[in-house]
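Okay, structure first, notes after.
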Amino acid sequence: MLTDLATIDSLFYLAATVAVIASLKVVTGSNTVHALLYLVVSLLAVAVCFYLMGAPFAAGLEVIVYAGAILVLFVFAVLMFGLGKDETINAPKSKSVANMFGAMLLAFALLLELTVIINNAQIQQTLQANVVSSKAVGIMLYGPYLLAVEIASFLLLAGLLAGYHYAKPDVQGSQL
Amino acid sequence: MMPEMLWKLLEITIIIALLIPMAAMLVWVERRVIGIWQDRHGPNRVGPFGILQSLADLLKILGKEDWIPPFSDRLVFILAPIIGAICVLMSFAVVPFSPDIGVSDLNIGLLFFLAMASLAVYSVVLAGWASNSKYALLGGMRAAAQTVSYEVFMGLSVMGVVLLTGTFNLREIVLAQSEGWLIQSQFVGFFIFLVAGIAESHRLPFDLPEAETELTAGFHTEYSGLKFALFFLGEYLGVTLISAMSVVLFFGGWLMPEPLSAWLPPLVWFIIKIMCFVMFFILLRTSLPRPRFDQLLKFGWMVMLPLALLNLIVTALLRLTGVL
């Protein structure tokens, strides 16, 4: 089966394998920073998958937003609160499969779904024929999905206000 | 298929083989030029005008012991400088050097550059964490906060360019400037991009992650030998990259106005423009004092962010009304 796969397919499978292995390492590792690094690798691999599926804009945003901004903040929090060492105290001692069975089941379902999509020649052809331009993404976001974008921005605004409330200097010297 | 691929590999090799010695030369250029501006000689002993100083430095650094502290996180400690250098070098893949030179015409070239710039943070943050020392950790945390903040304005400032040219492809952005450079209408965007670029490459005056008066050497306090050299290389390549991107986005890349463009080949014009910006970076380093860290972040969020948004909105309005 592997011989008749085109280059783009083999690249996709390679990236997907990397993503799967990296994600596994995220949940099995006991070192917080190493786990976060594996998560970064996983996100980068997913970005490659996006790119190979004809969505370069989504791939770029995946790297900029997730790997470049959100996970940097995660790492920052780990550095800030010194979570490098003491988190293992509360972690479950046994690393048996049973602990992660639920999450693994879900992930396996996703994997199965992806495999079906990729194996279906018809879907594959439509995927490769349609390279989504950034303009198309913009038109979709500000057309049919405008309401979703607005709701998301309201949510972010609420988060921003809450963050400001917690971080503002304590004028009266009283507890928040 | 095969010859094309070989040619591409050769092109990549040549670009890297020219970029790395250039970054090394910049160390000498910087010290020498600062020396002359400050009315002293600077390094002038090795070779004519001291031009071989970087070579001597390289030999010295190769001879040093490459020490990995026993208290560090070994793997991450080794990985950090490599990530930094690779991210900066990868960004050069989308820079169009001249009409025919340039590794990739990626259709999301500008996004790729922003992505690589945001990934470069990991180098500094991880170096600070893996060193397992107070100075390095403080430097790493400063770098994280500074870079994440300034990344936002950097992204917003170049959106004006995207708005006017209608593409993320850097080569097309250059070609769209054949009628006139974008600096004419995007001077505010250029200013924000430049300031954010200095903060991203943590050069003076925004070199707080490695402020020697407070943090010894910041995130690379524990580094020595080749790994330290890699950090240095990354910094100077970063300066070159920000200069190259400023030229591509706002100063017409390899393009020049009519009478001048025939005098020299496009690649030479591009390099001349880049060198002007590099000199400007060096001049900034010598002439501006370092702000306090809270001042830096405050300046970013209170001045740069509103300015970047305003620039974007005004550009969009002018575009909509057909002025630009």
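Line by line, the protein sequences give chains A and B.
Going by our numbering, the first sequence opens with residue 1, and the numbers climb by one from there.
Going by our numbering, the second sequence opens with residue 177, and the numbers climb by one from there.
Cβ coordinates follow ideal geometry from the N, Cα and C atoms, glycine included.
The structure displayed is predicted, hence computed values, not measured ones.
Query raised in the report: Should Ala67 (chain A) and Leu440 (chain B) be called a contact, given that it needs their Cβ atoms to be closer than 8 Å?
Result: no
Query raised in the report: Excluding the five sequence neighbours on either side, which residues of its own chain have a C-beta within less than 6 Å of the C-beta of Leu313 (chain B), listed in chain order?
Result: Gly304
Query raised in the report: Hey, quick one: how far does the alpha helix (DSSP H) through Val301 (chain B) stretch, first residue to last?
Result: Gly285 to Ala306
Requested in this report: Count the other C-beta atoms from every protein chain shown that fall within 10 angstroms of the C-beta of Gly365 (chain B), then say buried if there are 16 or more, exposed otherwise.
Outcome: Buried: at least 16 other Cβ atoms inside 10 Å.
Report task. Please go through the same chain and pick out, in chain order, the residues whose beta-carbon is closer than 8 Å to the beta-carbon of Glu386 (chain B), but skip the five residues on each side of it. Result -> Gly315, His378, Ala393, Gly394, Phe395 and His396
Query raised in the report: In three-state terms, what does DSSP make of Glu187 (chain B)?
Result: The three-state reading of DSSP puts Glu187 (chain B) in helix, counting H, G and I together.
Query raised in the report: In this structure, does DSSP put Lys240 (chain B) in helix, strand or coil?
Result: In the structure shown, Lys240 (chain B) sits in coil (DSSP, three-state: anything other than H, G, I, E or B).
**Report entry** Candidates B:Phe457, B:Leu460, B:Arg466 and B:Asn345: closest to Lys135 (chain A) by CA position
**Finding:** B:Asn345
Report task. Would you give the residue range spanned by the alpha helix (DSSP H) that Arg347 (chain B) belongs to? Result -> Unbroken alpha helix (DSSP H) run through Arg347 (chain B): Leu346 to Leu351.
Query - Contact check, Leu234 (chain B) vs Ala261 (chain B), beta carbons under 8 Å - result: no
Query raised in the report: Between the C-alpha atoms of Val454 (chain B) and Val415 (chain B), what's the straight-line distance to the nearest angstrom?
Result: 7 Å
Query raised in the report: Which residue comes first and which comes last in the alpha helix (DSSP H) that contains Pro56 (chain A)?
Result: Pro56 to Leu61
Query raised in the report: Is the CB-CB distance between Pro442 (chain B) and Pro275 (chain B) below 8 Å?
Result: yes
**Report entry** Reduced DSSP secondary structure (H/G/I, E/B, other) of Gln151 (chain B)
**Finding:** For residue 151 (chain B) there is no data in the structure shown, the boundaries of chain B being 177 and 500.
Query - Contact under 8 Å by Cβ, Ile349 (chain B) with Leu425 (chain B) - result: A contact, by the Cβ cut-off of 8 Å.
Query raised in the report: For Gly429 (chain B), which three-state DSSP category applies?
Result: If DSSP states are grouped into helix, strand and coil, Gly429 (chain B) belongs with coil.
Query raised in the report: Do Val26 (chain A) and Leu39 (chain A) have their C-beta atoms within less than 8 Å of each other?
Result: yes
Query raised in the report: Taking 8 Å as the CB-CB cut-off, is Val33 (chain A) touching chain B?
Result: yes
**Report entry** Nearest residue (CA-CA) to Ser361 (chain B), options B:Arg495, B:Arg208, B:Tyr412 and B:Glu327
**Finding:** B:Arg495
Query - Proximal residues of chain A, C-beta to C-beta of Ala291 (chain B) below 7 Å - result: Proximity of chain A to Ala291 (chain B) at the Cβ level (cut-off 7 Å) is accounted for by Gly60, Val63, Ile64 and Gly68, in chain order.
Report task. Check each residue of the segment 322-351 of chain B: if its Cβ is closer than 9 Å to any Cβ of chain A, include it; give the result in chain order. Result -> Thr323, Val324, Glu327, Val328, Gly331, Val338, Gly342, Thr343 and Phe344
Query raised in the report: Under three-state DSSP, which class holds Glu180 (chain B)?
Result: helix
Query raised in the report: Does DSSP classify Gln214 (chain B) as helix, strand or coil?
Result: coil
Query raised in the report: How would you list, in chain order, the residues of chain A whose beta-carbon sits under 8 Å from the beta-carbon of Val297 (chain B)?
Result: Neighbours of Val297 (chain B) on chain A, chain order: Gly68 and Val72.
Report task. Starting from the Cα of Ala58 (chain A), find the closest Cα among B:Tyr326, B:Ala291 and B:Phe253 and give me that residue. Result -> B:Ala291
Query raised in the report: With burial defined as no fewer than 16 other Cβ atoms inside 10 Å of the residue's Cβ, what is the status of Tyr326 (chain B): buried or exposed?
Result: buried
Report task. Would you kindly report the start and end of the unbroken alpha helix (DSSP H) that includes Met455 (chain B)? Result -> Pro442 to Ser463
Report task. Tell me whether Asp383 (chain B) is buried or exposed, calling it buried when 16 or more other Cβ atoms sit within 10 Å of its Cβ. Result -> buried
Report task. Measure from the C-beta of Leu483 (chain B) to each C-beta in chain A and report whether the shortest distance is under 8 Å. Result -> no
Query raised in the report: Taking three-plus beta-carbon pairs below 8 Å as touching, is the segment 397-409 of chain B in contact with the segment 220-240 of chain B?
Result: yes
Query raised in the report: Of the choices B:Thr462, B:Asp281 and B:Leu195, whose alpha-carbon is the least far from that of Ile210 (chain B)?
Result: B:Thr462
Query raised in the report: Should Phe50 (chain A) be flagged as near chain B, meaning a C-beta pair shorter than 8 Å?
Result: no
Query raised in the report: Of all Cβ atoms in chain C, is any one closer than 8 Å to the Cβ of Phe76 (chain A)?
Result: Absent from the structure: chain C. Protein chains present are A and B.
Report task. Starting from the C-beta of Ile489 (chain B), find all residues in its chain whose C-beta is less than 6 Å away, skip the five residues before and the five after it, and write them out in chain order. Result -> Once the five neighbours on either side are set aside, Ile489 (chain B) has no close Cβ partner at all.
Report task. Could you tell me which chain B residues have their CB closer than 8 Å to the CB of Leu156 (chain A), listed as they occur along the chain? Result -> Within chain B, no residue comes near Leu156 (chain A); the closest Cβ sits about 13 Å away, beyond 8 Å.
Query raised in the report: Apart from the five residues on each side of it in sequence, which residues of its chain come closer than 7 Å, Cβ to Cβ, to Lys240 (chain B)?
Result: Ser400 and Gly401
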